[in-house]
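In the working numbering, the protein residues as written are 64 to 662.
Even for Gly, the Cβ is constructed at its ideal location relative to N, Cα and C.
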């Protein structure tokens with residue numbers, strides 16, 4: 064099987080979904096109003112509430128929602144074959160993921176940019192609001208730790224990668240200062256500066272790696288974890304315009320540009336997919352992802368199809384910067400479709416590797432030897448990129464190799480394989496870092512909401528002391544899991560947490576629609592809610608009984624195993640309680656005189 068027909072089919076499905084289904088949601092279900100005031104104007108404070116250009120905000124939102132999930136999830140799911148993942152990505156995003164994103168973004172924009180937990184409190188009840196807040200914190204911890212693991216493995220012992228990724232931070236700060244001073248006039252010059260500087264970082268990284276600086280930039284995994292914690296802290300504490308927004312905007316250009324080039328590369332090169340449509344691991348027993356394809360493909364590929372994390376961004380930073388209510392369609396639904404395209408490209412890149420190379424990279428050397436397989440092209444590729452690739456678990460390295468091989472397959476570009484590989488590593492790391500900065504900031508907002516109930520000043524997002532305290536709590540939580548975990552525990556934990564929060568977001572979205580007297584349209588969220596909740600609760604139970612509790616019996620893994628089981632169990636109970644509370648409210652809704660206004 065070759066990739067060309069799959070890519071064309073994916074582009075057609077995504078285009079049709081945006082043209083027709085998103086228009087129906089915007090006009091009929093949500094009735095987006097261009098004249099409605101948004102909190103960016105009514106609550107302007109210059110830090111969090113700031114009217115933002117539609118495409119700049121699209122870039123920020125896309126970068127914030129598109130963490131490593133749509134890159135790494137499809138790589139891990141390639142263990143099952145390419146067909147299950149491709150079907151779930153395309154159907155899931157059009158009918159579930161993008162629907163969740165636009166509904167929550169519109170709901171938050173109409174409620175002063177309030178968080179998902181606060182919307183749940185007002186639309187369902189105080190119990191639902193409290194439990195949603197708890198679920199959000201658990202998800203943030205799981206998401207950042209699982210995705211951070213991938214970038215730690217990719218950058219460890221890689222001075223080229225450390226130099227390139229480190230350079231993105233001062234670049235973003237310069238862009239932030241320039242945009243703040245010049246306003247809309249600064250968008251073009253600052254964009255050109257940022258893109259050129261990033262490309263310089265990729266090219267110059269090779270010279271740096273061969274210089275006397277290499278030793279200082281060759282960092283261990285624990286050191287990189289600590290640096291990521293420091294970055295997350297700064298990104299959360301600094302004003303949104305100084306680091307987070309320009310960095311996400313810049314990242315979005317690199318992400319969308321790279322995905323665009325990859326799509327063109329797939330269309331030109333038409334690589335052969337060496338992975339089967341359904342592998343023999345679809346029935347279970349896979350060495351990378353525990354469990355069988357049903358139900359585990361639905362938590363292995365989360366962000367490319369539907370993601371609860373998106374509801375945090377859609378009720379966190381983005382609604383506070385929406386300039387016009389109608390922008391919710393482009394930013395909410397459209398950005399999610401772009402993320403699905405990222406997932407499709409990642410799946411094709413991973414599936415184009417020889418199975419021996421795919422498993423040699425994604426498994427520890429001893430576990431790969433037990434499979435009885437042999438690498439095919441891996442030794443040649445390792446020499447070409449200048450790094451040892453075998454045993455680099457976490458998904459990011461195998462994806463970078465697949466992307467680099469596709470790029471190198473374009474006529475005249477084959478001799479640049481090492482640059483393509485390190486560009487791909489930077490590309491992936493940008494996804495992870497935007498998850499860290501946006502996720503930590505959103506987590507800080509949630510913690511401040513909680514602490515504000517005990518002492519009101521903590522609820523003020525502009526209070527420095529409360530800001531620093533809340534940020535420290537969030538960073539410590541995900542930093543501990545990142546420091547102690549591994550991909551076989553962190554990714555299943557993330558999958559369950561992410562999809563359960565997606566179910567919670569769909570419950571909240573359904574309540575918003577029903578409470579505004581538009582129950583006839585509630586099916587747009589109820590149908591995906593039923594499917595996602597069923598599959599995720601099933602996966603969560605199997606994870607606890609077959610993955611986390613057995614892990615707790617291994618020497619030195621008791622704390623990680625029991626903590627992972629506890630977090631999964633708590634999230635499952637939270638989702639069930641919120642659903643039960645919402646069902647009670649929905650049952651009473653027909654008897655109330657609800658206004659027939661937009662959701």
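Three-state secondary structure (DSSP) of residue i
i           : result
residue 207 : helix
residue 335 : strand
residue 101 : coil
residue 281 : coil
residue 129 : coil
residue 115 : strand
residue 658 : Low local confidence applies: a pLDDT of 42 at residue 658 is under 50, so the model's placement there is unreliable, and no value is given.
residue 613 : helix
residue 374 : helix
residue 301 : coil
residue 308 : helix
residue 363 : helix
residue 635 : helix
residue 351 : coil
residue 473 : coil
residue 142 : helix
residue 618 : coil
residue 64  : coil
residue 623 : helix
residue 449 : coil
residue 646 : helix
residue 136 : helix
Buried versus exposed call for residue i [16 or more other C-beta atoms within 10 Å across all chains shown]
i           : result
residue 588 : buried
residue 155 : buried
residue 618 : exposed
residue 484 : buried
residue 135 : buried
residue 708 : Nothing about residue 708 can be read from this structure; the chain reaches only from 64 to 662.
residue 273 : exposed
residue 214 : buried
residue 257 : buried
residue 87  : exposed
residue 523 : exposed
residue 511 : buried
residue 123 : buried
residue 539 : exposed
residue 586 : exposed
residue 98  : exposed
residue 403 : buried
residue 500 : buried
residue 517 : exposed
residue 446 : exposed
residue 373 : buried
Residue from the options with nearest C-alpha to residue i
i           : options               : result
residue 635 : 614, 197 and 542      : 197
residue 110 : 307, 570, 401 and 555 : 307
residue 525 : 106, 629, 76 and 275  : 106
residue 316 : 430, 127 and 374      : 127
residue 202 : 614, 348, 487 and 376 : 376
residue 69  : 237, 329 and 353      : 329
residue 91  : 269, 579 and 613      : 579
residue 593 : 339, 612 and 569      : 569
residue 409 : 358, 436 and 466      : 466
residue 141 : 529, 242, 345 and 310 : 345
residue 255 : 277, 314 and 184      : 314
residue 224 : 430, 89 and 488       : 488
residue 597 : 633, 642 and 544      : 642
residue 439 : 433, 417 and 456      : 417
CB contact below 8 Å: residue i versus chain B
i           : result
residue 617 : In the structure shown, chain B cannot be found, because there is only a single protein chain.
8 Å contact criterion, which residue i and residue j should meet: CB distance rounded
i           : j           : result
residue 561 : residue 275 : That pair is no contact at about 43 Å.
residue 144 : residue 342 : 4 Å
residue 648 : residue 386 : Their Cβ separation, rounded to whole angstroms, is 33 Å, which puts residue 648 and residue 386 out of contact at 8 Å.
residue 297 : residue 509 : About 19 Å separates the two Cβ atoms, so there is no contact after all.
residue 227 : residue 288 : With a Cβ gap of about 19 Å, residue 227 and residue 288 do not count as contacting.
residue 137 : residue 364 : 6 Å
residue 165 : residue 396 : 4 Å
residue 378 : residue 95  : Rounded, the Cβ-Cβ distance is 16 Å, inconsistent with contact.
Residue i Cβ short of 7 Å to the ligand ADP heavy atom set
i           : result
residue 170 : The ligand ADP is not among the ligands present in this structure, which contains no ligands whatsoever.
Ranges of the alpha helix (DSSP H) found wholly within the segment 377 to 435, counting only runs of at least 4: 398 to 414, 418 to 425 and 428 to 434
- prompt: Taking the runs of the alpha helix (DSSP H) that are 4 residues or longer, which of them lie wholly in the segment 488 to 569?
  reply: 527 to 547
query: What runs of the alpha helix (DSSP H), each 4 residues or longer, lie entirely inside the segment 163 to 213?
result: 179 to 186
query: Of all the alpha helix (DSSP H) runs that stay within the bounds of the segment 66 to 103, which reach a length of 4 or more residues?
result: 67 to 79
task: Counting only runs of 3+ residues fully inside the segment 223 to 280, write out the beta strand (DSSP E) ranges in chain order.
output: none
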